[in-house]
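As numbered in the working numbering, residues 4 to 143 make up the sequence shown, in order.
Think of the CB as a built atom: it goes at the ideal place given N, C-alpha and C, for glycine as much as any other residue.
For reference, the structure discussed in these notes is given below.
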Amino acid sequence: TYNDAKVTKDADSNNIGIVNFGVSKHIANAMSIYRFTEGKLAGFSAGAGMQYVGARSVDYPGYTLPEERGKNAPGYTIYDANLGYNIGKFSFHLNIYNLFSKKYMSSPWWNSSVDGVAPGYYTFSPNIPINFRLSANYHF
Numbered sequence: 004t005y006n007d008a009k010v011t012k013d014a015d016s017n018n019i020g021i022v023n024f025g026v027s028k029h030i031a032n033a034m035s036i037y038r039f040t041e042g043k044l045a046g047f048s049a050g051a052g053m054q055y056v057g058a059r060s061v062d063y064p065g066y067t068l069p070e071e072r073g074k075n076a077p078g079y080t081i082y083d084a085n086l087g088y089n090i091g092k093f094s095f096h097l098n099i100y101n102l103f104s105k106k107y108m109s110s111p112w113w114n115s116s117v118d119g120v121a122p123g124y125y126t127f128s129p130n131i132p133i134n135f136r137l138s139a140n141y142h143f
């Protein structure tokens, strides 16, 4: 996707024109799954995917001074994988997220210096490292 999200109306005219907090201009996702339908692997499936998020705006009105606006958190790409098995009305899936435990900033924003002397700094939550979900389903 391509995003061009900017503040167009605000009680504080200093905020007009800034890129919305947390918005990336470019985001892409892809996932591909192959289902085996014949032979010894019939019923199994395997897949892989990726998520790309470009550099994100960290301008946060009230915390980022107008002269420090325009900073961005770095973009990132993470990869996911899945395995599945279907038998009759049952299906079982293992989804693995952030397969390579990529480190990136989650929900970052820029805090400007309060006193004008100390430097500003990023505030962010660390991302979630590799994790998985195991599920079992019954189809009615």
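Buried versus exposed call for residue i [16 or more other C-beta atoms within 10 Å across all chains shown]
i   : result
R38 : exposed
R72 : buried
D15 : exposed
T67 : buried
Cα-Cα separation between residue i and residue j, rounded to whole angstroms
i    : j    : result
S110 : F127 : 6 Å
M108 : I133 : 15 Å
L137 : N101 : 15 Å
E70  : D83  : 39 Å
Y63  : S104 : 28 Å
Cβ separation of residue i and residue j, assumed to be a contact under 8 Å, to the nearest whole Å
i   : j    : result
S60 : N23  : 6 Å
K92 : Y141 : 6 Å
K9  : I21  : 7 Å
Per-residue DSSP class, three states only, for residue i
i    : result
S115 : coil
S161 : The structure shown does not extend to residue 161, since the chain spans only 4 to 143, so no value can be given for it.
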